[in-house]
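Residue numbers (the UniProt record's numbering), protein chains in the order written: chain A, 1 to 143; chain B, 1 to 143.
By construction, the Cβ of each residue, glycine as well, lies at the ideal position given by its N, Cα and C atoms.
The structure displayed is predicted, hence computed values, not measured ones.
Working notes, structure below.
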DNA sequence: CTTTGACCTGTGAGTAGCTCACAGGTTTTA
DNA sequence: TAAAACCTGTGAGCTACTCACAGGTCAAAG
């Protein structure tokens, strides 16, 4: 298979195929006639695997590690479980953080309803922002 | 004020001060003796403003625009309200997306409880991932 | 058989918002 | 007076792609 064929087979951008190849996730051979990359069914499996793993939140280095373990005939599954658990924890942290942010934002919005716009006066730029955490006293210590 | 002093005043990394200066958010003068950047109270206000706006999810270009409007003696507040509303919408979309992801992840995790690890056999790399969306039939079409 | 268009190649830049590293100049402290 | 701490600008690194570029290759149409 050539780049575009592989890309279509996994429904990704051909540039992504090239990128993954550069990154060492795919290891095509070469057609000695024209120097084109030659991918096979195994590469298609790897690419599809990589895409699914990405959707599950694995990073490219993690995916590369998993593929390398599989290449060495070790089961990558224990590692997959492990990394996956960590990712889940992190996703939950991100959700909590965003919900916190949304809370602060809606609080700020409703506090702003009552506030006039005002022009910059050399001391303040826009009161809405400069005083938003007083209006929404939920301390947003990020991270 | 010099870079580090301003940075401490707003509790940011000195490199962030330099970066914001490069980006045109801060406009220090120069000390002709040694060519050092000279910041004043106005810059401190701008920097603090920028940091608060970042916490609220404004991008640097947006913040620059707001500051420029204020420099022109126009009230930036209507724009602030507008961009802010958009950001809130986006934050809510991000939350929904992450919750969707978490749902898929927890579904996958519980499906994996029952599955053995297995070694790569030339057809599969790690069943956990390759079959995860069959186990968790919630189609995750990522936008 | 030649042209045209679609494909291939590698490389480098762009995305956001910093953060860090580097090499060299200045100021402060011991 | 010398070391430590700061300043300067510039450039790279982080993520996971995506796109642009210049030049080589190949299939079908004229």
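Between residue 116 of chain B and residue 74 of chain A, the alpha-carbon positions lie close to 14 Å from each other. DSSP links residue 29 of chain B through a beta bridge to B/38. Nearest neighbour of residue 89 of chain A by Cα position, chosen from B/105, B/17, B/36 and B/88, turns out to be B/105.
Taking all protein chains in view, the Cβ of residue 53 of chain B is crowded by 16 or more other Cβ atoms within 10 Å, so the residue is classified as buried. The C-beta of residue 105 of chain B comes closer than 8 Å to at least one C-beta of chain A.
In this structure, the beta-carbon distance from residue 26 of chain B to residue 46 of chain B falls below 8 Å. Per the coordinates, the alpha-carbon of residue 84 of chain A lies some 36 Å from the alpha-carbon of residue 83 of chain B. At a cut-off of 8 Å, the C-beta of residue 57 of chain A has a neighbouring C-beta in chain B. A contact is defined here as three or more CB-CB pairs under 8 Å, and the region 90-110 of chain A fails this definition with respect to the region 59-79 of chain A. In this structure, residue 39 of chain A sits away from residue 32 of chain A, with a CB-CB distance that is not shorter than 8 Å. At least one beta carbon of chain B lies nearer than 8 Å to the beta carbon of residue 91 of chain A.
Its Cα nearest to that of residue 114 of chain A, the residue B/81 stands out among B/42, B/30 and B/81. Nearest CB-CB separation between residue 19 of chain B and chain A: not below the 8 Å threshold.
With a beta-carbon spacing of about 6 Å, residue 51 of chain A and residue 12 of chain A fall inside the 8 Å limit used to define contacts.
In this structure, residue 101 of chain A lies away from residue 43 of chain A, with their beta-carbon atoms at least 8 Å apart. For residue 103 of chain A, the enclosing alpha helix (DSSP H) has its first and last residue at 77-113. For residue 3 of chain A, the CB contacts under 7 Å within the same chain, skipping 5 residues up- and downstream, are 14, 17, 18 and 37 in chain order.
Here residue 98 of chain B is not near residue 56 of chain A, since their CB atoms are 8 Å or more apart. Residue-level contact check: residue 99 of chain B touches chain A, since one or more beta carbons of chain A fall below 8 Å from its beta carbon. Cβ neighbours of residue 10 of chain B within its own chain (closer than 7 Å, five residues either side excluded): 44, 47, 48 and 51. If you compare the alpha carbons of A/103, A/107, A/111 and A/22 with that of residue 60 of chain A, the shortest gap goes to A/22.
Per DSSP, the unbroken alpha helix (DSSP H) holding residue 19 of chain B starts and ends at 14-22. In the three-state scheme derived from DSSP, where H, G and I count as helix and E and B as strand, residue 61 of chain B is classed as helix. At a C-beta separation below 8 Å, residue 53 of chain A has these neighbours in chain B: 129.
Between the alpha carbons of residue 103 of chain B and residue 34 of chain A lies a gap of roughly 47 Å. For residue 124 of chain B, the closest C-alpha among the options A/58, A/77 and A/109 is that of A/77. Non-local beta-carbon contacts of residue 62 of chain B in its own chain, meaning distances under 6 Å to residues more than five positions away in sequence, involve 83 in chain order.
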